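Residue numbers (our numbering): 47 to 452. Just so it is clear, CB atoms sit at the ideal spot from N, CA and C, and this is done for glycine as well. Everything numeric in this text was worked out from a predicted model, so none of it was measured.
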Amino acid sequence: MANGQAQQPVNTLRALDPANPTHTVELTIVEDDVAALLDGPGHHVHELQHLVPQVVRKQSCVAVFEGLRQDGGLAGGRAYCGRPARAFTNAGEETPPHEGMCFVVFVNEHSQIFDWDWVPCANGFGLPVDWAQRFQEPLWINLRDVERGEHISDGTKEVSFARSGDYQEFLCTTLGLQSQEELERYGALISQVQADWHRQGQNGCLFARVLNSDRPGYGWTTTVVPRSGVAEATARVVEETSAGIERADVRIVSFLFPWMTSAEDLAALLKALGEAPGWAVTTTALDAEHTNVAVRLALEEGTVTSWVLGFGPFTFLPMTRRSPFTELVVLVKPKVPGQHRMDDDMTRAHLADVPVSVLGDPEFKGLVERTAAHRLFILGGDEEEKRAKAKVTITVPSAAWEAGER
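And the structure:
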C-alpha cells in the first residue's frame, strides 16, 4: 500500500486531532490503496468500512503514536490504536475481536491512511506489545480510566478529581514505564495530563476549563521544560515568554516542569525570574510558615502588568492549585479594548481577561458567579482563599523560600 508521496485521495474521514483533542483532522485514503484492497483478503475491506473509522475517533481510540519505524528507519506519520468489539471474516461475517490483539491504523505524513491491521496487544488497555520499537513516542492517551482519588464534599454534593499520583500511576502502568523520570521523556503526554486536570475543574476557575477545551484556539502554547538546573530553566522561560509576546497568534504561554517536585527548587526558580529583565517578584507573609509569592511580567513597555499563575504537585498548595505537574501560566498580551469584562483596569492582565467569544454577556456573568461558588466549594471555605487568589502566583513554605538558591 502507498506510504510515500501524497496521492489523489478518493475517500475521507474525520479523526481525533491528538494536538487538540476537542477537534478533528481529516484523513484520506488514496486510490492506489483502494485498488490494492480489492486484490487482497476480504476482511481488509470490511475493516476499512467498519473498524478504521471507529478506531480513529476519540470515543474509541486508546492512543495515538507519532513516528513510524519502517525498514530500519524512522518515518513520519502516526498510528491510531484501539480495541474494537468485533472483527470480520473474509466473507464479511462479524466475529468476536481477536484475543490478545489490538487494532492499529497507520497514517503517513500526508494524513493518508496506508495500512491497518490487528497486532499483539501489550495489556488490556489496547497498546501494541512492542510500541516502543514500532513508534517514536506517544502523542495522546485516552485518560478515561484514570482513577479519581480526590473526593470533595460539602454534605450536599460530592465531586471526584484525579490526583497527581493517579495520572502518573495510570500512565506508567499503561505504557510499562518504571518511573516518573521515564514519563518525562514524553512531553505531549505531560501537556495532555496538565490540560486534563485543568478541564476537570479542580483549579476552581471555570474560565480555565473553557480555555483548556481548546488551547490552540485561544492562543495557549505549552512548553515542557526538560530536567535541568534552575539557571537553564529560567533562561528557557524568559526566552520563550519573549517570543510569545512577539507572536500575534499567542495570548498565553505555559511552562511545565515535571521534574520540579521540591519547594526549594520552586523557590529558586521564582527568585531567578525576579532578577530577569521585565520580571518582578514580591512576597507577603501568609502566616508563620508560608509565604505568598507574586510574579509579574511587564508588557507594553511597562504600561501593563501580567499576573503569573502557578500550580504544582505540592501538599502545601490550596486544592485549586494542586496540579499533576509544576506549571507557570503567563498571559503575554494586554486586555483587548471592548472585550474585557472582568474590570476596566487596562494596566493589568490575567487569565480571566482572555477573550472568550463563545460566551455572550449573560453566559459570561453566569460563569463569573458559578466560578466564585465553585472555587469556595473546592477550597472548603474562605480561609484557603488567601492562598488561591489570582494576585497570588503561588504559595511556598517560608523555610523553602529562604533556602532557595538565587
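Test item: CB-CB of residue i and residue j under 9 angstroms
i: S210; j: R368; result: yes
i: V299; j: V378; result: yes
i: E195; j: D212; result: Looking at the sequence shown, residue 195 is not Glu but Gly. Yes, these two residues count as a Cβ contact at 9 angstroms.
i: W265; j: H69; result: Sequence check: residue 265 is Gly here, not Trp. No, they are not a contact pair.
i: L173; j: E112; result: no
i: V284; j: G247; result: no
i: A436; j: H396; result: yes
i: V455; j: V256; result: What the structure shows of the chain is the stretch from 47 to 452, and residue 455 is not part of that stretch, so it cannot be assessed.
i: E183; j: R231; result: yes
i: Q226; j: Q214; result: yes
Residue(s) in a DSSP beta bridge with residue i
i: M147; result: P166
i: R342; result: A326 and W353
i: I298; result: W266 and L377
i: Y126; result: V110 and V151
i: Q158; result: T74
i: A446; result: A446 pairs with nothing; no bridge assigned.
i: S199; result: E204
i: I291; result: Looking at the DSSP assignment, I291 forms no beta bridge with any residue, so it has no partner.
i: R394; result: T351
i: F134; result: E140
Contacting residues, own chain, Cβ-Cβ under 8 angstroms from residue i (five flanking each side not counted)
i: Y444; result: It should be pointed out that residue 444 corresponds to Ser in this sequence rather than to Tyr. Result list for S444: A331, A334, E335, H336 and T337, in chain order.
i: T280; result: L315, A318, L319 and A322
i: V108; result: C127, G128, R129, C148, F171, G172, L173, I187 and N188
i: A277; result: A318
Inter-residue spacing [alpha-carbon to alpha-carbon] between residue i and residue j
i: L425; j: P364; result: 7 angstroms
i: D161; j: F149; result: 11 angstroms
i: F181; j: V376; result: 33 angstroms
i: A48; j: P142; result: Its pLDDT being 48, under 50, A48 is placed unreliably by the model, and the measurement read from it follows with that caveat. If you take the alpha carbons of A48 and P142, they lie about 29 angstroms apart.
i: G138; j: D63; result: 30 angstroms
i: R416; j: D242; result: 20 angstroms
i: T58; j: V98; result: 11 angstroms
i: N66; j: A178; result: 23 angstroms
i: P87; j: Q240; result: 43 angstroms
i: F371; j: M392; result: 31 angstroms
i: D200; j: A418; result: 15 angstroms
i: A254; j: I440; result: 17 angstroms
i: A398; j: H244; result: 14 angstroms
i: T349; j: A294; result: 19 angstroms
i: G356; j: L73; result: 38 angstroms
i: H455; j: G122; result: Nothing in the structure corresponds to residue 455, since the chain is present only between 47 and 452.
i: H90; j: Q100; result: 14 angstroms
i: S259; j: Q238; result: 11 angstroms
i: A32; j: N136; result: No information on residue 32 is available, as it lies outside the stretch 47 to 452 that the chain covers here.
i: G275; j: A208; result: 29 angstroms
Neighbourhood of residue i by C-beta distance below 7 angstroms, restricted to the same chain and skipping five residues each side
i: Q54; result: Confidence in Q54 is poor, its pLDDT being 48 and thus under 50, which makes the residue's placement too unreliable to answer from.
Nonlocal neighbours in the same chain, by C-beta distance under 6 angstroms from residue i, ignoring five residues either side
i: A446; result: A309, E310 and A313
i: A449; result: E310
i: P380; result: L345, E346, V350 and A395
i: L114; result: A121 and G123
Check: residue i C-beta below 8 angstroms from any heavy atom of the ligand HEM
i: P323; result: Absence of the ligand HEM from the depicted structure is noted, as is the absence of any ligand whatsoever, leaving it without description.
Margin query: If contact is defined by three or more beta carbon pairs under 8 angstroms, each pair taking one atom from either stretch, is the region 323–336 in contact with the region 304–315?
Written below: Output reads no: the region 323–336 does not touch the region 304–315.
Check: Per the contact definition of three or more C-beta pairs closer than 8 angstroms, is the region 266–282 in contact with the region 216–226?
Finding: Three or more beta-carbon pairs separated by less than 8 angstroms are not found between the region 216–226 and the region 266–282, which leaves the two stretches without contact.
Next item on the list: Pair every Cβ in the region 147–157 with every Cβ in the region 185–192, then say whether three or more of these pairs are closer than 8 angstroms.
Entry: Output reads no: the region 185–192 does not touch the region 147–157.
Checklist line | Inter-stretch contact at 8 angstroms, needing at least 3 Cβ pairs: the region 336–351 / the region 163–172 | finding: Inter-segment contact for the region 336–351 and the region 163–172 is absent: fewer than three beta-carbon pairs are separated by less than 8 angstroms.
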